[in-house]
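*Asks:*
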Amino acid sequence: GQNIDQPTEMTATEGAIVQINCTYQTSGFNGLFWYQQHAGEAPTFLSYNVLDGLEEKGRFSSFLSRSKGYSYLLLKELQMKDSASYLCAPETGANNLFFGTGTRLTVIP
Amino acid sequence: DSGVTQTPKHLITATGQRVTLRCSPRSGDLSVYWYQQSLDQGLQFLIHYYNGEERAKGNILERFSAQQFPDLHSELNLSSLELGDSALYFCASSGRQGATEKLFFGSGTQLSVL
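These protein sequence lines map, in sequence, to chains Y and S. Residue numbering for the first sequence follows our numbering, beginning at 8 and increasing consecutively. Residue numbering for the second sequence follows our numbering, beginning at 23 and increasing consecutively.
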């Protein structure tokens with residue numbers, strides 16, 4: 008089985024930095040995905056971490072600690088369009104992909 | 023555009039009925055995943071097919087079934103529908119059997135059971 012834990016909701020101000028945490032317990036682990044989902048739309052891929060450490064991709068960065076079962080998504084220079092749900096999904100190699108319940112981020116002016 | 027096509031976009035039906043949702047994966051992708059997302063809920067993994075064969079099952083109800091055809095499109099069949107089955111159903115595709123390759127999601131089918 009597996010357990011994925013993310014905060015349900017977060018609010019941040021336009022232009023600020025926000026960190027969305029994800030902790031997981033899984034049987035087997037290959038890497039971890041982050042997806043973005045705007046309300047009523049399909050999830051879209053943001054990042055995939057395999058190795059420990061921080062990977063930066065523009066305004067978005069993702070961090071992984073395999074030993075701690077912990078990841079975070081860092082969003083810099085927040086824009087209103089970043090208001091969305093952010094989904095964490097540890098990949099276990101078991102031919103399935105379970106997502107956390109997601110963190111709904113609201114960016115305010 | 024992800025390249026994954028789902029039809030229909032919206033479906034309204036009554037309790038007790040049966041519906042079929044269709045998914046065409048990206049060209050060349052062999053894997054199809056189905057997910058259910060109820061209002062304000064996370065994505066619930068239902069089932070994964072690879073090249074026509076079932077590879078993994080999640081919390082899929084016995085009233086639900088799926089298959090993947092030789093042309094790689096997939097169908098999700100929902101029967102004896104209940105009000106609680108109202109949800110957004112997504113399919114996603116990837117090239118590989120395992121999920122180490124990112125998934126591309128279709129725009130979903132919004133099912134309303136009245």
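C-beta: ideal position from N, C-alpha, C; glycine also.
8 Å is my cut-off, CB to CB: does Y/Asn10 come that close to chain S?
*Replies:* Answer no: the Cβ-Cβ gap between Y/Asn10 and chain S never drops below 8 Å.
*Asks:* Determine whether the beta carbon atoms of S/Ser116 and S/Asp23 lie at a separation below 8 Å.
*Replies:* Contact flag unset, no.
*Asks:* What residues in its chain sit with their C-beta under 8 Å from that of S/Gly38, if we drop five residues either side in the sequence?
*Replies:* So the qualifying residues of the chain are Ser102, Leu103.
*Asks:* In the segment 100-115 of chain S, which residues sit with their C-beta less than 7 Å from some C-beta in chain Y, listed in chain order?
*Replies:* For the segment 100-115 of chain S, which is checked against every Cβ of chain Y, the residues closer than 7 Å are Phe112.
*Asks:* Apart from the five residues on each side of it in sequence, which residues of its chain come closer than 6 Å, Cβ to Cβ, to Y/Ser69?
*Replies:* Cβ within range, chain order: Trp41, Ser54, Asn56, Glu62, Leu80.
*Asks:* Taking C-beta to C-beta, are S/Leu100 and S/Phe86 nearer than 8 Å?
*Replies:* A contact, by the Cβ cut-off of 8 Å.
*Asks:* State the DSSP-derived secondary structure class of S/Gly106, mapped to helix, strand or coil.
*Replies:* Looking at S/Gly106 - three-state DSSP - the assignment turns out to be helix.
*Asks:* Whose C-alpha, out of S/Lys31, S/Leu94, S/Asp62, is nearest the C-alpha of S/Gln132?
*Replies:* It is S/Lys31 whose Cα lies nearest to the Cα of S/Gln132.
*Asks:* So which residues of chain Y does S/Gly128 contact, with C-beta pairs closer than 9 Å?
*Replies:* Near S/Gly128 (Cβ distances below 9 Å), the residues of chain Y are Ala49.
*Asks:* Is it right to say Y/Ala49 is buried, meaning 16 or more other beta carbons lie within 10 angstroms of its own, or is it exposed?
*Replies:* The residue in question, Y/Ala49, is buried, as its Cβ has 16 or more Cβ neighbours within 10 Å.
*Asks:* Can you confirm whether Y/Thr108, when its beta carbon is compared against all beta carbons of chain S, has any partner nearer than 8 Å?
*Replies:* Yes, Y/Thr108 lies at the interface with chain S (some Cβ there is under 8 Å from its Cβ).
*Asks:* Considering only the beta carbon of each residue, do Y/Gln9 and Y/Gln32 sit closer than 8 Å?
*Replies:* For Y/Gln9 and Y/Gln32, yes; Cβs fall inside 8 Å.
*Asks:* Anyone know if the C-beta pair for Y/Ile115 and Y/Glu16 falls short of 8 Å?
*Replies:* No, the Cβ-Cβ distance between Y/Ile115 and Y/Glu16 is not below 8 Å.
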